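To start, the structure itself, in structure tokens.
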Amino acid sequence: MATPSSPLDVTREIKLDHDNVRDLFERYKAATDLHDKASIANTLVREMAVHGDAEEVSVYNDYASFGLGDTAAHNKEEHAEIKRLVYDADATRTSKPEFDAVLQKAVTAFLTHAKEEEDEQHPLIRQKLSAEQNDSMARAFLKARNRVPTRPHPWAPQTGGIAQKAAGLQGAFHDKVVETVEGRQFVDLKFQHPSEF
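For the sequence shown, this note's numbering assigns the number 145 to the initial residue and increments by one for each residue that follows.
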């Protein structure tokens, strides 16, 4: 794990999120207790929502500067679809018979996108960025993770710009209220980002 003074790698931090979703989904499929499944599902929804918005307001905004502007646009289109699917999972009660299929559809879309990023985009990012640029982008991504909504908002601005950031601040507050009022439970993540950055 990196320390505040050691350089970070944005692709590592992004992949860490992908790996958490992979792990959570395996835990979800193995769980038999409905309460446990609900807590894992809540965590899956939160992690997919946070990851997508954090990439959009930080990492994807820098893609054009190293020749990946079209890739950022493609990623945002995929994110829009993933957010709709994650929203469907968030809106469906875990006790409903169709929940497993709804969640699987969202996770499959997320992980398909994640594999594309890891296999095709991350090698380019590591090749094109200096160590300082990589570190700066990683820190921006981690900071964004702490400021974005924790639930999907597919109808909010998805531009990565000021409108999305402003809507995200409001959404993040709203999400905390919803999670508290509903008494949502979450599980611990297997993989952790640095606590200080």
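Positions of the beta carbon are idealized from the N, C-alpha and C atoms, including for glycine. The structure presented is a predicted model; accordingly, all values stated were derived computationally and were not measured.
query: Taking Cβ positions, are Gly196 and Ile226 nearer each other than 8 Å?; result: yes
query: Return yes when at least one heavy atom of the ligand ATP lies under 7 Å from the C-beta of Phe254, else no.; result: No copy of the ligand ATP appears in this structure; indeed no ligand is present at all.
query: Considering Ser183, what are the terminal residues of the alpha helix (DSSP H) in which it resides?; result: 178-198
query: Please state whether DSSP places Thr147 in a helix, a strand or coil.; result: Annotation note: pLDDT 49 at Thr147 (below 50); position unreliable, no value reported.
query: Quick one: grab the DSSP three-state call for Arg228.; result: helix
query: Am I right that Phe169 and Leu188 are in contact with their C-beta atoms under 8 Å? What's the rounded C-beta distance?; result: 6 Å
query: With 16 as the cutoff for other CB atoms within 10 Å, does Gly327 come out buried or exposed?; result: exposed
query: Going by beta carbon distance, what residues of the same chain come within less than 7 Å of Glu221, once the five residues before and after it are set aside?; result: none
query: May I have the straight-line CA-CA distance separating Ala282 from Leu152, to the nearest angstrom?; result: 6 Å
query: Could you give the C-beta distance for Thr236 and Val246, rounded to a whole number, given that I count them as a contact under 8 Å?; result: 5 Å
query: For Lys329 and Ser183, which I take to be in contact (beta-carbon distance under 8 Å), what is that distance rounded to the nearest angstrom?; result: The question names Lys, but residue 329 is Gln in the sequence shown. So it is a contact: roughly 4 Å between Cβ atoms.
query: DSSP state of Ser239, grouped into three classes?; result: coil
query: Quick one: what does DSSP say Leu152 is sitting in, helix, strand or coil?; result: coil
query: Could you tell me the distance, in whole angstroms, from the CA atom of His223 to the CA atom of Asp177?; result: 31 Å
query: Glu276 lies in the alpha helix (DSSP H); which residues open and close that run?; result: 275-289
query: From Val331 to Asn278, what does the alpha carbon distance come to, in whole angstroms?; result: 30 Å
query: Could you give the first and the last residue of the continuous alpha helix (DSSP H) run that contains Lys272?; result: 266-272
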